[in-house]
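Residue numbers (the UniProt record's numbering): 1 to 148.
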């Protein structure tokens, strides 16, 4: 009987862990989908999609130290001042913390800002918050990657 109860306790513990992991995986998948939609909206210069993905209180930081609000971030993408030809997110991680998600990745992109071709590789941290059942980008900070 003792053996049976021990096995039962282990099985129940495993199932409770699986339930938590599946729940977390569902949220991670939802955030990953929003990140992918953001990537595509930046390439397409889709202002409506960018507005729908971001919070009105967005803080969008560049690796140069420039920080933009939602309106300026969207305007610079839509008017072509910040023109992404390609964007690839590499080594992405997603951590769910309550109603927030922390996404880290390396952004590898080809841009044509002001008509000038440029290849960039920078580190990014995105902070998403679940508001009214949808994930909104509330903060983004880019940083220069160390050279090796």
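Note that CB positions come from ideal geometry on N, CA and C, so glycine has one too. Every value quoted in this text rests on a predicted model; they were computed, and no experiment measured them.
Does the beta-carbon distance from residue i to residue j come in below 8 Å?
| i | j | result |
| --- | --- | --- |
| residue 127 | residue 100 | yes |
| residue 163 | residue 124 | In the structure as shown, the chain starts at 1 and stops at 148, and residue 163 therefore has no counterpart that could be examined. |
| residue 114 | residue 74 | no |
Mapping DSSP to helix, strand and coil, what is residue i?
| i | result |
| --- | --- |
| residue 41 | helix |
| residue 71 | helix |
| residue 48 | helix |
| residue 187 | Nothing about residue 187 can be read from this structure; the chain reaches only from 1 to 148. |
| residue 101 | strand |
| residue 95 | strand |
| residue 59 | strand |
Which one or two residues does DSSP pair with residue i in a beta bridge?
| i | result |
| --- | --- |
| residue 137 | 54 and 128 |
| residue 86 | 110 |
Suppose the cutoff is 6 Å on Cβ atoms and the five residues either side in sequence are ignored; what does the same chain contact list for residue i look like?
| i | result |
| --- | --- |
| residue 92 | 105 |
I think residue i touches residue j, with their Cβ atoms under 8 Å apart; what is that distance to the nearest whole Å?
| i | j | result |
| --- | --- | --- |
| residue 36 | residue 96 | Residue 36 to residue 96, Cβ: 17 Å. No contact. |
| residue 42 | residue 87 | 6 Å |
| residue 78 | residue 49 | Not really, about 11 Å apart at Cβ, beyond 8 Å. |
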